[in-house]
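Protein chains in written order, with my numbering: chain A, 2 to 471; chain B, 2 to 471; chain C, 2 to 471.
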């Protein structure tokens, strides 16, 4: 990796960007939102083979290969319909190498190369004729105790990593982490409360999960969720996370909400009921946040399981989701009317629809005390996406209404490079402001440290704590 | 301020941009749309204290501070509910200084710094420890007759400034201006006809204002508006301005429009009636424009008073409005079917939804003789917003279908810097075209003078005058 | 024309871009989608006068002039209402020259200048005082046999040119071309199956065209279309093309589709019926593609004949169409559910709504094997539009899921410059990736050759052929 990677090419801007980047480069990583399995850190077992580390679980990688006709089962993606899937890591790896050109210009290429080079010290370029060599070098590293999860965690300079769990989780891994001095409130590995699977009637098996929660009525449901949030807080949680199809929020009457819940329990709820219930629950969760201080994160706008054939064979979260247009201003009004100026409340808004940045999100974040803008997410968490985020958001929302970078990843080893990419892109953006005499260098240097470290640390902290500091 | 502020950093482009900027820098300012109180110029009284000049009335400033938990009443924003508000200018100013870092990367920062430096010759950087010094220096200037409104008007090289008034206004300030040789047709301070408060059923107090207009039927209403337009024209108006939630236009039958009007008079109109009436009135106003030559300006797409708590305490226009997605192509069709190719008609379209630039607005302006594109507005009247406007609009609409910069501001002292920012950004855009061998330097120089001066002068002139020149 | 035209100005990037451009510059042109009249090549007659070559048939040019009040009939645009139109080429040409400044910053300016210079060796700048000289020089060239269509075709290094015909066409020109060794399967001039005029109930004269097709029932209609596709394939077609108002696809029951068809035959279908029928036919055509291997092209999102006055006087396709917001993710789901992962099927998606690039189109193309992204189209087929396409699409879809440039033009002589513009813009984009150390130079060089030549050749080939190569 060239030391100037991702910095703007114009020599004047690049030299300022280098200087600014130096102010952020070595700051600890704050990872307040992501999908790493906490058992990885809790158990600290060696990572599996290179294919299972880098290809199989990464839907960015498998969907790109699928888009050119390489079926997910050829890449070892587990099936839910019982059909066979490739099990030989080396075969999968060779398929990746043979198609490596498909990733030109994508963040997956950049992340993977730097995981190989920076984390595993494998600098042989990936090609058809080097596939086996890279596989062998990588396998060797993975067998070395210095490359186990906890050792890497230390090396990554990771200050805190938040995982994401369902209210149904018993948080076993987090309990083990706490016992080992790694977890619990203020710990290095914390959880996040993500209740989608018990809120969304349309998620298959909903009624079974409600039974598992041990509730039979809507008031019990709310009460049980409040209890689970306390358990999550005890496991270190500072935020909740909500992945909804839209940003709709509704403050229904208790009677109306109860009726929806009961309709769903009897299997009679339709798609509109499901949407209204999710919307209402967003307001309920905001109310809970006011009481317990969990920062609310909203990830709206994905059409889940769009690829029907893929879903049928491989299930959820394997690359079959597609973004769709997302409205925030009217949708969120009921929630913001209730809590938008409440100092006990904080909500971080994400989007897959970048048209909302200048039009809706920056104005909302730059107007409501409770609203912060989450980092570009999923299809936008890339060099160009990160750049456009700053270009479209800053003039209305400034920097202080953005929440800092989140890596949002399942791929533990890619965490450092993802943060590094964001730091480099922010350095480039700030350097342009400096070069165009729009911001003095010293303030730009302070800003990049805010973006990289201080802002996420502050924004994703529980608001009851944060209140004192206001 | 560095002399190269906002010019692209690449030395080749910058040197061309400097050259182009020199062709626009000293041209007189044309301000065909804004919200300066005409009494400021009519009365020519000294400006109030620094806080009341720069913080209190500027919702760009107060909303950013509010977004980080500093309540508007702490900043002296007047209340409508009788609750107390800060009255000490110095206290407000210190609050601004203490939070000045929030404005990094925003146009407010840039405008304010240059108002201080360019207009008031105060070059001490604003910081917590310089707050009082800046306040005192500024107060001293404000007491000096050389810094009164009319003296500044001269210094600003302002050729014409249009204010914006309701049909209910008796235009007193404009009468005084005319008596002093400053106003009237062809004068330096002119008015603009903005009838929203008598057109919008949903604006509280509508019926009372209709009574104030002295009309009791829809035909009388139309007739009265035509009369008021004549009074406005006598006070120099060359355009009307319409701020609607959407760009909807409808050519209803007289009977239908009358029924809506009557329903509203009896307090029975609902939200849909209000939208239909506004849409119909847009076509009525276009018809009036064909007769009296006022250029029509349309500012659609703001969700007004989104922040309910802010509206309840502080009323309208204090930073609680948020943009929303805005459709033009189908919405405006009835109006364009009627008048889109009529040489007596001209409409300037603005947007808060920049996705419309390539998709809808540039194609409309590049296809209909009557349509021009207004400058980026409100959340988009910033360096990056102005740059994206040119990048997205020019290839389809060229330069001649854009209407030139409007400052759209209440802040009289910020007018020069706002125009200067637009001139610098346009210089940068044109310089890139030159550097990429897409436009010869001499044509770029002619173009920047058009954008800065000749175009707005031509586009915002009454069309009856313009017709002759075609 | 400067040799660095359109290459980024920063010297480091420009030098890389030059190098990359050299890898694409001389590759043959593949033109898999456009609207050149095949009779031009079949008959190989001299082009008409300069105005009829460059102004009259080009709605990019006439609409820009119309937008500034120069009526299409003054420019010789044919009328359908019998009203007179300018017939003197020199008069039209002078009008163009007098208004040439309107085209600053537009692709029409760039294309026209390079057609004059590169194709006809006329390098005198177009101005009022040179209008006649340029006209005369150009007229002289047009009389020269070396400037006849087939000679230019050779000079252009055009490997294949696809024209676009209705199923009602008897493909005479293509038959002549085949007889002359220019046409037929694998030939240099091929056709494209475009059935909109027999699919769209709302296109005036639909019932008459159905009669012309010789069918009276929906099953016959489908059968007849399949037969026509075979005739098109025999005339070289490798793809079909579909220009719909939306991207809606519907898999209706045969009974339902039949009912719609019958309703239309009796003149009773309404606008909603028409939309449902078009949507259903999209799925029917996809099914036909699976069988006969024609690649499907979808061009959705134009509001046709928006300018009512223009349509009344001059008819279709003279600059009165305007884009509108276009949704793909939900709209196309029925089609993608049926065929999105079928290796026999391929669909190329275009858009006039560039907000769909990151949000919908890149995720669809980067997820479904059947989906490819067409080049920026119409209002977006410009330097800035092409640049934004790569910037917004590449990180999610890579390069291999884009289909390569299409010129989509009626203006035969502008084909080389249009392709050259795309190659230069791609060179600039790739050069930035190289300069920012995101892609090695050798891979960038391979990529630009793919984009310019190999990709369109592969993507627009019939899938039955392509299948073998997978």
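All residues carry an ideal CB built from backbone N, CA and C; glycine is no exception. Values in this document were obtained by computation on a predicted structure and should not be read as measured data.
Status (buried if at least 16 other CB within 10 Å, exposed otherwise) for residue i
{"i": "residue 201(A)", "result": "buried"}
{"i": "residue 3(C)", "result": "exposed"}
{"i": "residue 155(A)", "result": "exposed"}
{"i": "residue 334(C)", "result": "buried"}
{"i": "residue 169(C)", "result": "exposed"}
{"i": "residue 173(B)", "result": "exposed"}
{"i": "residue 23(A)", "result": "exposed"}
{"i": "residue 469(A)", "result": "Unreliable placement is indicated for residue 469(A), whose pLDDT of 43 sits below 50; the coordinate value is still reported in the next sentence. The residue in question, residue 469(A), is exposed, as its Cβ has fewer than 16 Cβ neighbours within 10 Å."}
{"i": "residue 18(B)", "result": "buried"}
{"i": "residue 272(A)", "result": "exposed"}
{"i": "residue 39(C)", "result": "buried"}
{"i": "residue 196(B)", "result": "buried"}
{"i": "residue 471(A)", "result": "Note on residue 471(A): pLDDT 36, under 50, position unreliable in the model; no value is reported."}
Three-state secondary structure (DSSP) of residue i
{"i": "residue 293(A)", "result": "helix"}
{"i": "residue 71(A)", "result": "coil"}
{"i": "residue 167(A)", "result": "coil"}
{"i": "residue 122(C)", "result": "coil"}
{"i": "residue 403(B)", "result": "strand"}
{"i": "residue 114(C)", "result": "helix"}
{"i": "residue 48(B)", "result": "coil"}
{"i": "residue 231(B)", "result": "helix"}
{"i": "residue 194(B)", "result": "strand"}
{"i": "residue 78(C)", "result": "coil"}
{"i": "residue 412(B)", "result": "coil"}
{"i": "residue 32(A)", "result": "strand"}
{"i": "residue 199(A)", "result": "helix"}
{"i": "residue 224(C)", "result": "helix"}
{"i": "residue 464(C)", "result": "helix"}
{"i": "residue 303(B)", "result": "strand"}
Nearest-angstrom Cβ-Cβ length linking residue i and residue j, presumed shorter than 8 Å
{"i": "residue 62(C)", "j": "residue 109(C)", "result": "6 Å"}
{"i": "residue 454(B)", "j": "residue 191(B)", "result": "In fact, because the Cβ distance is near 17 Å, the residues do not count as touching under 8 Å."}
{"i": "residue 310(C)", "j": "residue 342(B)", "result": "5 Å"}
{"i": "residue 121(A)", "j": "residue 142(A)", "result": "5 Å"}
{"i": "residue 397(A)", "j": "residue 367(A)", "result": "5 Å"}
{"i": "residue 183(A)", "j": "residue 41(A)", "result": "That pair is no contact at about 12 Å."}
Within 8 Å, strictly: CB atoms of residue i and residue j
{"i": "residue 96(B)", "j": "residue 71(B)", "result": "yes"}
{"i": "residue 1(C)", "j": "residue 119(C)", "result": "The question about residue 1(C) has no answer here: the residues shown for chain C are numbered 2 through 471."}
{"i": "residue 369(C)", "j": "residue 306(A)", "result": "no"}
{"i": "residue 313(B)", "j": "residue 59(B)", "result": "no"}
{"i": "residue 330(A)", "j": "residue 365(A)", "result": "yes"}
{"i": "residue 373(C)", "j": "residue 403(C)", "result": "yes"}
{"i": "residue 250(C)", "j": "residue 332(C)", "result": "yes"}
{"i": "residue 163(B)", "j": "residue 193(B)", "result": "yes"}
{"i": "residue 262(A)", "j": "residue 278(A)", "result": "yes"}
{"i": "residue 111(A)", "j": "residue 51(A)", "result": "no"}
{"i": "residue 349(B)", "j": "residue 426(B)", "result": "no"}
Distance cut-off 7 Å: residue i Cβ against heavy atoms of the ligand SAH
{"i": "residue 404(A)", "result": "The ligand content of the structure shown is nil, which means the ligand SAH is not present either."}
Worksheet item: Unbroken alpha helix (DSSP H) runs of length 4 or more, entirely within the segment 323-378 of chain A: which are they?
Response: DSSP runs (the alpha helix (DSSP H)) wholly in the segment 323-378 of chain A: 334-340 and 363-366.
Worksheet item: Whole beta strand (DSSP E) runs in the segment 236-273 of chain B with 3 or more residues, listed along the chain?
Response: The qualifying runs are 240-243.
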